[in-house]
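J.: First the structure, then my questions, so here it is.
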Amino acid sequence: MWFLQFVFLGGPYVSLALASANTTVYFKEQFIDGVSWKERWVQSKYKTDYGKFKLTSGTFYGDVQKDKGIQTRGDSKYFATSSRFKPFSNEEKTLVIQYTVKHERKIDCGGGYVKLYPSTLDQEYMSGESQYYIMFGPDICGRKIVHVILHYQGENYSVKKEIRCKDDSYTHLYTLILRPNQTYEVKVDNVKTESGNLEEDFDFLVPKKIKDPAVVKPEDWDDRKKIDDPKDIKPEGEWTPHQIDNPNYKGVWIHPQIDNLHYSPDFNIFKYNDIGVIGLDLWQVRSGTIFDNFLITDDERFAEEFGNLTWGKTKDPEKKMKEKMNESQKQKIRGEDRKRAEQQKQWQSRKEKKEKEYKGGPGKGKSGEDRAKSKRHKKTEL
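In UniProt numbering, the protein residues as written are 1 to 382.
Here's what the structure looks like:
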């Protein structure tokens, strides 16, 4: 059964959203209650020169109120802020992390990812060294990827697949889903971008199978598919012998595998017992990124609907506003070009007029040399 339900966060009702009776929303932040967001987010003091966050909808948006988020301010800076919620475990539950990112200044090198921390995190001293459970989101610096990094038994492991992120200046929705069946899914703009099995796509565990150390490739195994034609006679000059099928070709030799005695399955790779803080711990060369619509829940469908009701409602108006701004800027540039062209035309006209006046003055009709002689003659007479 589905019904409309208010989701409560930090005092006021924040939003009206679609949820089921079994949906649990652990954290939700939309920054629509003004400066009160500062009461929920803690700026780290680990560094004295951190960049700042400012509440804004940016220079273009779909809805000036709904699109308000916290924007990084200060180029070539580290940024560190976090928000706490009631700790929970995702044991035997799906975990969904979702938020929007808008690189308004079209970032050239910097992060746009979030981190989930245990509740033991000291928020005032959160740093890049702080232990986290999950790191997820876009990172642009040469490569343009979506990070999926999971903490497991004291180490951080990154997904082995390369997941491409968006690199334009519009708002985009990023979603990570971890399921109890040890699978994961990454969505960008509510569309599945990548998915797989945690054990297969991360190096958490040693492999189930290994090459049999007792077996080696036979010396007489011929894996050459083509060989030089022995009947082809070398002519004078440069020569490349003709190739023929190898009659002794046995195919590619595959090393036999055996069970890895050191392998031990773990059916709780996805599980984290004390999730209690979400944070932004970033470095950006060019700031201006806006973060908004944070959601942590156990309901995939609710997350999708929440994305449609937030990002989905404002993405098209945002694009239209940006296109109008771009067209206005183009018209301004064209107007300035026309103005410069007119000024150049007027300058050229004045120049030509002065030249005509000069030619039509005393000594008209004489060449430059004649006029010079005339001046010398007058001086001599004096």
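Even glycine gets a Cβ: it sits at the ideal position worked out from N, Cα and C.
Just tell me which of Thr-24, Tyr-132 and Asp-222 has its CA closest to the CA of Tyr-157.
T.: Comparing Cα-Cα distances from Tyr-157 to each of Thr-24, Tyr-132 and Asp-222, the minimum goes to Tyr-132.
J.: Keeping to the same chain, check which residues put their C-beta closer than 6 Å to that of Arg-179; ignore five residues upstream and five downstream.
T.: The residues are Thr-94.
J.: Please report the Cβ distance between Lys-68 and Ile-32, rounded to the nearest whole angstrom; I am assuming they are in contact, meaning their Cβ atoms lie under 8 Å.
T.: Lys-68 to Ile-32, Cβ: 6 Å. Contact.
J.: Select from Phe-60, Thr-56, Gly-62 and Phe-79 the residue whose C-alpha is nearest the C-alpha of residue 399.
T.: An answer regarding residue 399 cannot be provided, because it is not within the stretch 1 to 382 covered by the chain.
J.: CB-CB under 8 Å to Met-1, same chain, minus the five flanking residues each way: which ones, in chain order?
T.: Its pLDDT being 36, under 50, Met-1 is placed unreliably by the model, and the measurement read from it follows with that caveat. Around Met-1: Ser-20 and Ala-21.
J.: Using 10 angstroms around the beta-carbon of His-242, count the other beta-carbons present and answer buried if the total reaches 16, otherwise exposed.
T.: Result: exposed.
J.: Is DSSP giving Ser-20 helix, strand or coil here?
T.: Ser-20 falls in the strand class under three-state DSSP.
J.: Buried or exposed: where does Pro-218 fall if 16 or more other Cβ atoms within 10 Å of its Cβ makes it buried?
T.: Looking at its Cβ environment, which holds fewer than 16 other Cβ atoms inside 10 Å, Pro-218 is exposed.
J.: What did DSSP end up calling Leu-198 once you bin it into helix, strand or coil?
T.: Helix, per DSSP.
J.: Which runs of the beta strand (DSSP E) fall wholly inside the region 199-235 and span at least 3 residues, in chain order?
T.: As far as the region 199-235 is concerned, its whole beta strand (DSSP E) runs of at least 3 residues are 209-211 and 226-228.
J.: Might you give, ordered along the chain, the residues of its own chain that have their beta carbon closer than 6 Å to the beta carbon of Asp-274, omitting 5 neighbours on each side?
T.: Same-chain partners within the cutoff: Pro-87, Pro-118 and Ser-119.
J.: Taking the C-alpha atoms as reference points, what is the distance between Lys-353 and Ser-328?
T.: So the alpha carbons of these two residues sit roughly 37 Å apart.
J.: For a quick check, are the C-beta atoms of Gly-110 and Gln-284 less than 8 Å apart?
T.: It is a contact, given that the beta carbons lie within the stated cut-off.
J.: Do Asp-281 and Asn-248 count as a contact pair if the criterion is CB distance below 8 Å?
T.: Contact: no.
J.: Which one of Ile-149, Thr-297, Asn-268 and Asp-292 has the shortest CA to CA distance from Gln-30?
T.: Among Ile-149, Thr-297, Asn-268 and Asp-292, the Cα nearest to that of Gln-30 belongs to Asp-292.
J.: Cβ of Tyr-113 within 8 Å of Cβ of Asp-75?
T.: Going by C-beta atoms, Tyr-113 is not nearer than 8 Å to Asp-75.
J.: Excluding five sequence neighbours on each side, which residues of the same chain lie with their C-beta closer than 7 Å to the C-beta of Pro-207?
T.: Correct list, in chain order: Asn-260 and Tyr-263.
J.: Between which two residues does the beta strand (DSSP E) holding Lys-187 run?
T.: Run containing Lys-187: 183-188, per the beta strand (DSSP E) assignment.
J.: Glu-318: buried (16+ other C-beta within 10 angstroms of its C-beta) or exposed?
T.: Counting Cβ neighbours within 10 Å, Glu-318 comes out buried, since at least 16 surround it.
J.: Using CA coordinates, which residue listed in Arg-350, Thr-314, Val-277 and Lys-66 is at the minimum distance from Met-126?
T.: Taking only the C-alpha atoms, the option nearest Met-126 is Val-277.
J.: So, does the region 297-316 touch the region 36-50, judging by three or more C-beta pairs under 8 Å?
T.: No: fewer than three Cβ pairs fall under 8 Å.
J.: Mapping the DSSP letters down to three states, classify Gly-351 as helix, strand or coil.
T.: What sits at residue 351 in the sequence shown is Lys, not Gly. If DSSP states are grouped into helix, strand and coil, Lys-351 belongs with the helices.
J.: Do Gln-71 and Thr-56 have their C-beta atoms closer together than 8 Å?
T.: For Gln-71 and Thr-56, yes; Cβs fall inside 8 Å.
J.: What does the Cβ neighbour count give for Phe-267, buried or exposed, with the cut at 16 atoms within 10 Å?
T.: Phe-267 should be labelled exposed.
J.: Please state the DSSP three-state secondary structure of Phe-291.
T.: Reduced to three states, the DSSP call for Phe-291 is strand.
J.: Looking at C-alpha atoms only, which residue of Asp-122, Asp-201 and Gly-237 is the closest neighbour of His-147?
T.: If we check each option's Cα against that of His-147, Asp-201 comes out closest.
J.: Could you check if Ile-233 is buried or exposed, using at least 16 other CB atoms within 10 Å of its CB as the buried criterion?
T.: That one is exposed.
J.: Taking all protein chains shown into account, do 16 or more other C-beta atoms lie within 10 angstroms of the C-beta of Trp-37, making it buried, or fewer, making it exposed?
T.: Trp-37 should be labelled buried.
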